[in-house]
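In the working numbering, the protein residues as written are 8 to 371.
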């Protein structure tokens, strides 16, 4: 049974920054960070327009704590497959600054881990496979590969594909290059319904990879060029594309494998912090992630990504609902909002040896 440390926002006597310090002292952070280590502080700095992402002040506090044990931190994330405001390193740095993340505000460099365009990485083998996953390798972002240690700081929230997004999602997608992300998103690539296609060409206009074409009045996809970003799906005005049945289940299994490949090289020099506040139905990739569904809960810390995600999901299920929220009482509120079972990713990760579903909450 894994320990999950909990700074409860209810009845607290410490402020949030003091709570974070207490969590990482109890962990302890020195178990992860040695003197002189290059330490990746893995975050998601939010899409442009999203206002419920991680608070910059929380990340800055973790930077300060890493420095206090003589680590050399850098704040990091990777580019996106789809061409929004984080598609390249330059765009992402501009978006990060708009959202409050700069080298000055963090007290540490902000490094986009997969390089200028998102293709700088190292292929890592998927050494073990479960649940029918056919991934042979994934490409991990180069700055993640070159780090000595990592602190994974995740905003606990919903996700339209995986139901819940926490530590597993933050690593399993967020630590990969565009090529790595593409491999994961093979699991939920939209199918074309020719009967509904009007041949309008919106999918062709939206595809930055040149994978879509109109032929004989219908949309066709060049699978060799396709990066599985589903941008065509979101831009089709006729709903002529559909996510196939079982896609969410497969995506979650693939995410677990991506996370396992990303974490394997750290040999235990990694810890996880989940922030359970502003729990929105959708993820921080969405400019409009929706209104929070529950009252803010607190912050968790653990050495186990499976346990911390399961504990986060359980605490969200027990939390007081916000009036008018989309969610209802019952298990896996976020999964039910997004029409999936959020625990699939956790069960797959457990089978891969990443951690335990059973945990002990220790309040700080």
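Don't be surprised by glycine CBs; every beta carbon is placed ideally from N, CA and C. From a predicted model like this one, the values you see are computed outputs, not experimental measurements.
Range of the contiguous beta strand (DSSP E) that encloses residue i
i, result
"residue 307", "305-309"
"residue 190", "Taken as a continuous stretch (DSSP letters only), residue 190 belongs to no beta strand (DSSP E), being part of the alpha helix (DSSP H) at 185-192."
"residue 81", "79-84"
Those residues which DSSP pairs with residue i across a bridge
i, result
"residue 148", "128"
"residue 51", "According to DSSP, which records beta bridges pairwise, residue 51 is partnered with nothing at all."
"residue 1", "Outside the modelled stretch of the chain, which goes from 8 to 371, sits residue 1, for which no answer is possible."
"residue 171", "165"
"residue 14", "306"
"residue 366", "9"
"residue 45", "79"
"residue 198", "249"
"residue 328", "301"
"residue 156", "46"
Start-to-end residues for the alpha helix (DSSP H) that takes in residue i
i, result
"residue 63", "63-75"
"residue 318", "312-325"
"residue 136", "Taken as a continuous stretch (DSSP letters only), residue 136 belongs to no alpha helix (DSSP H), as it is neither H nor E."
"residue 23", "23-33"
"residue 355", "351-358"
"residue 344", "340-344"
"residue 211", "209-213"
"residue 242", "238-242"
Nonlocal neighbours in the same chain, by C-beta distance under 7 Å from residue i, ignoring five residues either side
i, result
"residue 379", "Outside the displayed range of the chain (8 to 371) lies residue 379, so it cannot be described from this structure."
"residue 201", "225"
"residue 327", "301 and 302"
"residue 76", "36, 37 and 40"
"residue 13", "305, 307, 368, 369, 370 and 371"
Beta-carbon proximity list for residue i, same chain, < 6 Å, skipping 5 on both sides
i, result
"residue 248", "197, 199 and 240"
"residue 78", "40, 44 and 46"
"residue 242", "209 and 213"
"residue 56", "294"
Chain-order list of residues whose beta-carbon lies under 8 Å from that of residue i (same chain, five-residue window excluded)
i, result
"residue 363", "8, 9, 311, 313, 314 and 357"
Worksheet item: Does the segment 91-105 come within contact of the segment 149-160, defined as at least 3 CB pairs closer than 8 Å?
Response: no
Discussion item. Quick check for students: name the residue ranges of the alpha helix (DSSP H) that lie wholly in the segment 98-125, counting only runs of 4 or more.
Written reply: 110-113
Worksheet item: So does the segment 202-218 actually touch the segment 121-135, counting three or more Cβ pairs closer than 8 Å?
Response: no
Worksheet item: Counting only runs that start and end within the segment 249-289, where is the alpha helix (DSSP H) found for 4 or more residues in a row?
Response: 254-271
Worksheet item: Does the count of Cβ pairs from the segment 22-38 and the segment 136-151 closer than 8 Å reach three?
Response: no
Fill in: Touching by the beta-carbon criterion (3+ pairs, under 8 Å), the segment 250-266 and the segment 280-290
no
Worksheet entry | Segment contact flag, the segment 279-288 with the segment 52-72, C-beta cutoff 8 Å, min 3 pairs | yes
Worksheet item: Does the count of Cβ pairs from the segment 46-62 and the segment 156-166 closer than 8 Å reach three?
Response: yes
Fill in: Cβ contact check for the segment 82-92 and the segment 228-236: 3 or more pairs under 8 Å
yes
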